[in-house]
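Colleague:
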Amino acid sequence: MRLHSLKRAVLDRVFLAVTASATLALLAVGAFIVAISAVESFPVIAALGPALFIEPPGLPGGEFGGLGPVLVSTAVIVSLGVLVGSLIGVPVGILMSECRGSWLARAADAALQAISEIPSVVVGLVVFVVLVLPMRTPSAIAAAVSLCITALPYIAAQTRESLAAIPLSYREAAFSLGLPRWKAVLRLLVPMNARGVATAVLLGGARALGETAPVLFTAGAAFSAFYGLIGPSSTLSLLIFYFAPSPYENWRRLAWAAVLLLVALTIVLSSAVRRLSRGVKM
Amino acid sequence: MKPDLLRASGSRRNALATHMRAKPDPLLLILAPSAIALLAISAAIAAVLVTGSLDTWIHEGPGFLASSEWSPSEERRGTYRVLAPLAGTLVVAGIASAIAAYLAVAVAVYLHEYAPRRVREVVEPSLYSIAALPTVVFGMWGLSTVAPLVRQSGLASLCARGSPTGQSFFTAGLVVGLMIAPYAAAVVSEAYRAVPFTYVEALYSLGAKGFERARVILGMVKGSLLAAAVLSFGRAAGETTVVTLTVGNAVNMPFCLFEPGHTVSSLIASQFGNAYLYPGMESALLAAALVMVLVSSASTTLGLKLARAAIKRARGGEA
Amino acid sequence: MGEAVRVKDLSVWYGSQKALDNVSITVPRGSVYAILGPSGCGKSTLLRAINKLVLLRDGVRVEGEVRVFGVDVYRDPRGEEVLARVGMVFQTPNPFPHLSIYDNVAIGPRLRGQSKGRELDELVRWALEKAGLWEEVRDRLRKPASELSGGQQQRLCIARALALRPGLLLMDEPTANLDPLNAARIEELVKELSREITIILVTHDAEQAQRLARRGALLFMGRVVEEGLLSGILSRPYSKVLQALVAKCRVAGGDGEATEPLLP
Chain A
5 MRLHSLKRAV
15 LDRVFLAVTA
25 SATLALLAVG
35 AFIVAISAVE
45 SFPVIAALGP
55 ALFIEPPGLP
65 GGEFGGLGPV
75 LVSTAVIVSL
85 GVLVGSLIGV
95 PVGILMSECR
105 GSWLARAADA
115 ALQAISEIPS
125 VVVGLVVFVV
135 LVLPMRTPSA
145 IAAAVSLCIT
155 ALPYIAAQTR
165 ESLAAIPLSY
175 REAAFSLGLP
185 RWKAVLRLLV
195 PMNARGVATA
205 VLLGGARALG
215 ETAPVLFTAG
225 AAFSAFYGLI
235 GPSSTLSLLI
245 FYFAPSPYEN
255 WRRLAWAAVL
265 LLVALTIVLS
275 SAVRRLSRGV
285 KM
Chain B
1019 MKPDLLRASG
1029 SRRNALATHM
1039 RAKPDPLLLI
1049 LAPSAIALLA
1059 ISAAIAAVLV
1069 TGSLDTWIHE
1079 GPGFLASSEW
1089 SPSEERRGTY
1099 RVLAPLAGTL
1109 VVAGIASAIA
1119 AYLAVAVAVY
1129 LHEYAPRRVR
1139 EVVEPSLYSI
1149 AALPTVVFGM
1159 WGLSTVAPLV
1169 RQSGLASLCA
1179 RGSPTGQSFF
1189 TAGLVVGLMI
1199 APYAAAVVSE
1209 AYRAVPFTYV
1219 EALYSLGAKG
1229 FERARVILGM
1239 VKGSLLAAAV
1249 LSFGRAAGET
1259 TVVTLTVGNA
1269 VNMPFCLFEP
1279 GHTVSSLIAS
1289 QFGNAYLYPG
1299 MESALLAAAL
1309 VMVLVSSAST
1319 TLGLKLARAA
1329 IKRARGGEA
Chain C
28 MGEAVRVKDL
38 SVWYGSQKAL
48 DNVSITVPRG
58 SVYAILGPSG
68 CGKSTLLRAI
78 NKLVLLRDGV
88 RVEGEVRVFG
98 VDVYRDPRGE
108 EVLARVGMVF
118 QTPNPFPHLS
128 IYDNVAIGPR
138 LRGQSKGREL
148 DELVRWALEK
158 AGLWEEVRDR
168 LRKPASELSG
178 GQQQRLCIAR
188 ALALRPGLLL
198 MDEPTANLDP
208 LNAARIEELV
218 KELSREITII
228 LVTHDAEQAQ
238 RLARRGALLF
248 MGRVVEEGLL
258 SGILSRPYSK
268 VLQALVAKCR
278 VAGGDGEATE
288 PLLP
């Protein structure tokens, strides 16, 4: 019996060690990515300073150059995609929360589920066939449409969740004012939940910013300038995807700088989402 | 004035009554256009995948999935069959979900049974942040750090055509597994948390130690372990960016894990941009995409169902 | 020493909120001891302070001394050994739903590696007999515990605790979620068990306390208001006692130390 309790104590320590090191390993991966992107991109940042945000990438094997045009295209594509995604996603979220029983809400729910389960590269394929082939060129518009479709399920689901989280007493107050239901929902409940909608839009933005696969065939790979909405274009994550395997050191370092920037943006956005969505409970 | 007011409130009551009778709701009408746009998008995706791949199903039939001959041609219709990348998808997703599920259980047990509260409060949000990192970031890390480590490890020499760069089925599975582990951990953790506190107290009152409590509680939520594995599989099966950067991109059956290969998604990512140059290739890639969608959606749907059932069961405390 | 548990100057905080304030009680061996009081008065906290389960709550702080069979469980290294012989039964029946009836009873001894094979079978049977469940489950020991009714599940939990061969059994309102018939069975069981085991029973039901226990303590807002023979504590009707307490607390301005609801 002594032996048994010793065995248990040892096993307990072993489990502690194993599970703690697994947790530590995951955290280490995250920390390592942040650290290595800072180290690898340091020469770029040191050489360029703020010009990193203005200049175009250098020639292969030449100077570093910056991320200027890519940042412009990314901003245009992501905000356009999220704007359209919100115009569709927010009302769909409201519909799914407030007209729960209707067939339209159920159909929308199923469609949303299906879209969220489709690997994002397939969204890119479809937009390629529908938009890029007829337009004969990849474009910022096509990329924005792809990102809109990938962000849509997140925006709609978050909107629905935040509306569902409004306490019953507030809901009753809104409906007790004698307004028709559509007015009570759109003029009282939704504004009451402005934070929830903002969270949904931010969440969609975070997803759109990080996605690479949907823009692979739709954005093009125009890193050195912004050619307008219907011209070939690019995004930050696409630049990483193209420059990461390249044999040119200047491009690889630029890709690391892009990684650093993307990581920083994602952490800011996702913690904003978390902070905002905590408030939704009221 | 007065009768008017009365009538107004009367008609309001009528409005409520008609709503009760479920006549067309103005709210529904206002929101309908967005919903219809959404339905149109999903219909368009389905239509493109099905009509675009029709040509391949007619030409290749079931052989499309049963052999791995991939010979593009610019002059005439080439032969495009995807057994190798499809097997690659299953193998990479299998490795990834095994790694993710193992780590998920370990992390959940550590956080709930061993970690002091203050550690938990730091670790949990950090894991959320890692889960939110863009996939291409993991891709770059896998390419620059993990692949060289795999190369230096000499594991490639175990295979006949071992990868000279370190990019292989194994590398892709490993990186994807590490990437989705925080997500899988959240699935297990949520179920763990759903177990009513009284069971935890009962275990303490019986003198159970950390690993013994974990064994009993994981037994109560074993559905969620399966859910984490299946959901990870679904995610990994559709993952493109990381895999394309780390799998090595060669049409190759995954008989040996340290050889370079393709998954369906990496095949699409690396070939689709030029597919219009080769008659038949675009259709073949759309057909492959359709197969991947089915594999990935089926496992995601199943996984979500399992996860919900596990949480419900844990909450109710019923078997 | 004649006492099973001696609690001295015990205070428990949850964060900044004081749940127990300078509580002292003495539980003699071989009897049923009742802890009475309205909900939120700290009964459960006191019970969980005895077997240290209270430490599972977030941000908890414990001051004072708890001696179980003479051993200071918070400071003495022998505390763990002593607590291994303390069983607990909870308000809601909580057998592990995925384990069989047999495994639920056997879990304690198995964890301790105390008995195996035949010996374990005997122990399980003994515990189930003691809990008055053996006849009902003898041919379905391998069935999951979740198939049992609520009352049976609670008796299974008692058997699970008895399999530890405890010297002390802590019961936290064990009949609160049962129908009167099953509650009566559990009460019978408590009476029988108390011949061999010391039992501390938390309840908000004064009649139940009087039926089962001779001694006890009345808790109100985290303090022991009275301790001793129940006949003395309950010389007036319980509802009157509580009314007087609530009234007194209002006069004192509620002095804000316990913010839990006061109403019984």
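Chains as they are written, first to last, in our numbering: chain A, 5 to 286; chain B, 1019 to 1337; chain C, 28 to 291. By construction, the Cβ of each residue, glycine as well, lies at the ideal position given by its N, Cα and C atoms.
Using beta-carbon positions only, say whether lysine 35 of chain C and glycine 91 of chain C come within less than 9 Å of one another.
Modeller: yes
Colleague: Kindly say whether glutamate 1208 of chain B, judged by its beta-carbon, lies nearer than 9 Å to any beta-carbon of chain A.
Modeller: no
Colleague: How is the beta strand (DSSP E) around threonine 225 of chain C delimited, first residue to last?
Modeller: 225-230
Colleague: Just verifying my parser: in three-state terms, what is the DSSP assignment at glutamine 44 of chain C?
Modeller: strand
Colleague: How about serine 143 of chain A: is its C-beta nearer than 9 Å to some C-beta of chain C?
Modeller: no
Colleague: I need the DSSP call for arginine 1039 of chain B, collapsed to helix, strand or coil.
Modeller: Its pLDDT being 49, under 50, arginine 1039 of chain B is placed unreliably by the model, and nothing is read from it.
Colleague: Report the start-end ranges of each beta strand (DSSP E) in the region 76-139 of chain C that is 3 residues or longer and not cut off at the edges.
Modeller: Annotation note: the region 76-139 of chain C contains the following uninterrupted beta strand (DSSP E) runs of length 3 or greater, listed N- to C-terminal: 87-95 and 113-116.
Colleague: At 9 Å on the CB atoms, spell out the chain C contacts of arginine 1135 of chain B, in chain order.
Modeller: Asp85 and Gly86
Colleague: According to DSSP, is valine 1123 of chain B helix, strand or coil?
Modeller: helix
Colleague: Just to confirm, is the Cβ distance from isoleucine 40 of chain A to serine 1162 of chain B under 9 Å?
Modeller: yes
Colleague: Quick check: phenylalanine 230 of chain A and valine 86 of chain A, are their CB atoms within less than 9 Å of each other?
Modeller: no
Colleague: Decide if tryptophan 107 of chain A is buried, meaning its Cβ has at least 16 other Cβ atoms within 10 Å, or exposed.
Modeller: exposed
Colleague: If you draw a straight line from the alpha carbon of valine 32 of chain C to that of alanine 1245 of chain B, how long is it in whole angstroms?
Modeller: 46 Å
Colleague: Does chain C have any CB closer than 9 Å to the CB of arginine 191 of chain A?
Modeller: no
Colleague: Do you know whose CA, among A:Pro61, A:Ala32, A:Leu15 and A:Ala13, lies nearest tryptophan 260 of chain A's CA?
Modeller: A:Pro61
Colleague: Who are the near neighbours of asparagine 121 of chain C in its chain, counting only those whose CB is closer than 7 Å to its CB and skipping five residues on each side?
Modeller: Cys184
Colleague: Have a look at valine 136 of chain A and isoleucine 1059 of chain B and give me their C-alpha separation to the nearest angstrom.
Modeller: 16 Å
Colleague: Grab the span of the beta strand (DSSP E) containing leucine 196 of chain C for me, first residue to last.
Modeller: 195-199
Colleague: Under the three-state reduction of DSSP, which class applies to asparagine 1267 of chain B: helix, strand or coil?
Modeller: coil
Colleague: On a Cα-Cα basis, can you pick out the residue from A:Ser124, A:Val277 and A:Phe227 that is closest to proline 73 of chain A?
Modeller: A:Phe227
Colleague: Alpha carbon to alpha carbon, how far is lysine 1240 of chain B from valine 1141 of chain B?
Modeller: 24 Å
Colleague: Where does methionine 139 of chain A land, buried or exposed, given buried means 16+ other C-beta within 10 angstroms?
Modeller: exposed
Colleague: Check the C-beta distance from leucine 1303 of chain B over to phenylalanine 1290 of chain B and give it rounded, since I have them as a contact under 8 Å.
Modeller: 5 Å
Colleague: Any idea if valine 116 of chain C is buried or exposed, counting beta-carbon neighbours within 10 angstroms, 16 or more meaning buried?
Modeller: Its Cβ being crowded by 16 or more others within 10 Å, valine 116 of chain C is buried.
Colleague: Just the chain B side, please: which residues come within less than 7 Å of isoleucine 134 of chain C by C-beta, in chain order?
Modeller: Within chain B, the residues near isoleucine 134 of chain C are Leu1224.
Colleague: Show which residues of chain B have a CB atom less than 8 Å away from the CB atom of leucine 80 of chain C.
Modeller: Within 8 Å Cβ-Cβ: Glu1219, Tyr1222 and Ser1223.
Colleague: Of all the alpha helix (DSSP H) runs that stay within the bounds of the region 1196-1254 of chain B, which reach a length of 4 or more residues?
Modeller: 1215-1223 and 1228-1238
Colleague: Determine whether the Cβ of arginine 12 of chain A lies closer than 9 Å to any Cβ atom of chain C.
Modeller: yes
Colleague: Is it buried or exposed for valine 1068 of chain B, if we count other Cβ within 10 angstroms and need 16 for buried?
Modeller: exposed
Colleague: Our contact map puts glycine 66 of chain A next to asparagine 254 of chain A with C-beta atoms below 8 Å; I'd like the distance itself, whole angstroms only.
Modeller: Between glycine 66 of chain A and asparagine 254 of chain A a beta carbon distance of about 6 Å is seen, short of the 8 Å cut, so the two are scored as contacting.
Colleague: Please classify asparagine 1292 of chain B as buried or exposed, where buried requires at least 16 neighbouring CB atoms within 10 angstroms.
Modeller: exposed
Colleague: In whole angstroms, what is the alpha-carbon distance linking leucine 190 of chain A and threonine 154 of chain A?
Modeller: 26 Å
Colleague: Determine the extent of the beta strand (DSSP E) in which glycine 1279 of chain B is found, giving its start and end residues.
Modeller: Taken as a continuous stretch (DSSP letters only), glycine 1279 of chain B belongs to no beta strand (DSSP E), as it is neither H nor E.
Colleague: Just checking my contact of phenylalanine 245 of chain A with valine 1154 of chain B at CB under 8 Å: how many whole Å lie between their CB atoms?
Modeller: The Cβ separation is near 5 Å, so the contact holds.
Colleague: Can you pull the chain A residues whose beta carbon is under 9 Å from the beta carbon of arginine 139 of chain C, in chain order?
Modeller: Met5, His8, Ser9 and Arg12
Colleague: If I follow the unbroken beta strand (DSSP E) through alanine 61 of chain C, where does it start and stop?
Modeller: Element bounds for alanine 61 of chain C: 59-63.
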